[in-house]
Every structure is written in C-alpha cells, then in structure tokens.
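Student:
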Amino acid sequence: LAVGEPAEDMYRIIDSVEPFMPKEKIRYLMGVGTPANILNAVERGVDLFDCVMPSRNARHGNVFTWHGKMNIMNEKYAKDPRPFDENCGCPACRNYSRSYVRHLIKAKESLGMRLAVVHNLYFYNELMAKIREAIDAGTFEEFRAKYSGELEKRAK
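Numbered as in our numbering, the sequence shown ends at 484 without a single skipped number.
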C-alpha cells in the first residue's frame with residue numbers, strides 16, 4: 329500500500345495480504361490514519377500504525393473527539409466555553425475552551441496549535457488503549473461497530 333488509496337481499496341488489500349502474514353509477527357500499516365481507519369484495520373489484524381494526521385490536522389484546527397471530528401475554526405465555536413470534549417482528560421480540555429483555542433489559532437499563536445495537537449495525540453492514545461481493552465475483554469467487534477461511524481461524523 330501507498331498512502332492515499334481510498335479506504336475500501338486499503339481494506340481490500342489488507343484482507344488479501346493478511347492471511348499470508350506470519351501470525352507471530354506484528355502487522356504495521358504506515359500512514360494510517362483516521363480513527364475509523366484504525367478501527368477497521370485492527371479488525372483486519374493490523375497491530376501498529378503511524379500517521380501525521382493527528383498533529384497535521386490539529387495544526388489546522390481539526391480535532392478528534394468521541395463524538396466525531398470538529399473544525400474548531402468554525403464560527404459556531406467563537407464563543408463556545410466548553411472544552412473540545414467534555415469527557416476528555418487531556419491538559420487542553422482540562423484548562424482551555426474551544427473559543428480560546430480557536431482565537432489562538434486564528435491569531436497565529438503557536439500555543440493554539442500546540443493545544444490542539446496535545447488533544448489529538450491524547451485522543452489517539454485513548455483510542456488505542458480502549459481498543460486494547462476491548463480486544464482483551466472480547467468485545468472489540470461491538471466497540472468497532474459503535475465507534476467507527478461515530479468517529480467519522482462531524483461533532484456538534
């Protein structure tokens with residue numbers, strides 16, 4: 329795989345290759361990706377990922393939450409006193425509002441981008457921890473079914 333194929337092609341290729349991969353070795357998928365991509369790749373046997381998406385998107389005001397993707401640059405967040413995600417424990421969500429981070433990014437203050445990056449990396453770490461917990465509990469398919477669509481939608 330190269331970075332940039334449609335998700336359906338990526339999943340089809342993983343499905344074709346995975347049965348031939350050594351079972352005792354980890355499966356690494358480079359350049360992937362969205363939270364839903366990760367859930368669907370884990371379902372297909374992938375163990376390890378790397379991607380610039382959480383940090384690159386954050387620098388442009390796009391953050392990931394358990395309720396979907398959020399573009400903090402949208403006008404509706406200009407006076408929103410809530411954190412990115414009210415159930416998130418990251419330093420950005422514990423200490424700063426959507427409106428403040430939006431203001432910082434619009435003013436080209438690097439702190440705004442840094443706070444959004446901190447949040448997205450925290451979110452991705454939480455996602456992977458919850459995936460591991462669901463696998464250990466034997467509930468991964470339910471977890472994937474619940475969140476794969478939810479994480480792709482636009483947050484309110």
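Just so you know, even glycine gets a beta-carbon here, dropped at the ideal spot from N, CA and C. Please read these numbers as outputs of a predicted model, since none were measured by experiment.
Which same chain residues end up closer than 6 Å to residue 409 when comparing Cβ atoms and leaving out the 5 residues on each side of it in sequence?
Tutor: As a first step, residue 409 is located in the sequence shown; it is residue number 81 there, counting from the start. Excluding residues within five positions, the ones whose Cβ falls inside 6 Å are 425.
Student: Would residue 483 and residue 447 be called neighbours here (beta carbons separated by less than 8 Å)?
Tutor: Looking up residue 483 in the sequence shown gives position 155. Looking up residue 447 in the sequence shown gives position 119. No, they are not a contact pair.
Student: Give the DSSP-derived three-state secondary structure of residue 484 in the structure shown.
Tutor: Sequence index remark: in the sequence shown, residue 484 carries index 156 (1-based). Looking at residue 484 - three-state DSSP - the assignment turns out to be coil, as it is neither helix nor strand.
Student: Please name the residue or residues paired with residue 390 in a DSSP beta bridge.
Tutor: Working through the sequence shown from its first residue, we reach residue 390 at position 62. Looking at the DSSP assignment, residue 390 forms a beta bridge with 399.
Student: With a 10 Å radius around its C-beta and 16 neighbouring C-beta atoms as the bar for buried, classify residue 332 as buried or exposed.
Tutor: Residue mapping note: residue 332 aligns to position 4 of the sequence shown, counting from 1. The residue is exposed, with fewer than 16 neighbouring Cβ atoms inside 10 Å.
Student: Alpha carbons only, please: which of 440, 416, 444 and 375 is nearest the one belonging to residue 381?
Tutor: Numbered from 1 along the sequence shown, position 53 holds the residue referred to as residue 381. When each option's Cα is compared against that of residue 381, the closest is 444.
Student: Residues in the same chain with beta-carbon distance under 7 Å from residue 385, minus the five sequence neighbours each way, listed in chain order, please.
Tutor: Taking the first residue of the sequence shown as 1, we reach residue 385 at position 57. Hits under 7 Å: 448.
Student: Determine the DSSP secondary structure at residue 378, reduced to helix, strand or coil.
Tutor: What you label residue 378 is simply residue 50 of the sequence shown in a count that begins at 1. Residue 378 falls in the strand class under three-state DSSP.
Student: May I ask you to verify whether the region 434–443 touches the region 456–473, counting CB pairs closer than 8 Å and requiring at least 3?
Tutor: No, the region 434–443 is not in contact with the region 456–473.
Student: Rounded to whole angstroms, what is the Cα-Cα separation between residue 375 and residue 415?
Tutor: Mapped onto the sequence shown, residue 375 falls at position 47. Mapped onto the sequence shown, residue 415 falls at position 87. Going from the Cα of residue 375 to the Cα of residue 415 covers about 26 Å.
Student: Taking its Cβ as the centre, do 16 or more other Cβ atoms sit within 10 Å of residue 465, making it buried, or is it exposed?
Tutor: For the purposes of this step, residue 465 is taken as residue 137 along the sequence shown, with counting starting at 1. Exposed: under 16 other Cβ atoms inside 10 Å.
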